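Asks:
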């Protein structure tokens, strides 16, 4: 839901990537604190496009998560043009 809000406001999918027709999936490892904040994030498997990898990290770092979320998780972030 958080990513959908970012996308609706034009803050998720970089305009340069859209203009270039870039798509891909980024697998991000996140570390979550006891209060549900992302304390660390890194790309485990990139999309092949640095601009998408960076956008995935920005989006994941700002995502609110429940306090009972696991302390580490692998999160796939997909970039698809409609």
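Residue numbers (this note's numbering): 198 to 279. For glycine and all other residues, C-beta sits at the position ideal for the given N, C-alpha and C. Treat the numbers as computed from the prediction; the structure is a model and nothing was measured.
Looking at the secondary structure, which residues open and close the beta strand (DSSP E) in which residue 242 lies?
Replies: Where residue 242 is concerned, the enclosing beta strand (DSSP E) starts and stops at 235 to 242.
Asks: Measuring alpha carbon to alpha carbon, tell me which of 233, 245, 230 and 255 ends up nearest residue 239.
Replies: Taking only the C-alpha atoms, the option nearest residue 239 is 255.
Asks: Which residues mark the beginning and the end of the alpha helix (DSSP H) in which residue 213 is found?
Replies: Counting along the chain, the alpha helix (DSSP H) containing residue 213 begins and ends at 212 to 217.
Asks: Please determine, among 268, 237, 245 and 230, the residue with the shortest C-alpha to C-alpha distance to residue 276.
Replies: 245
Asks: When you compare the CB positions of residue 228 and residue 237, do they come within less than 9 Å of one another, or not?
Replies: Going by beta carbons, residue 228 and residue 237 fall inside the 9 Å limit.
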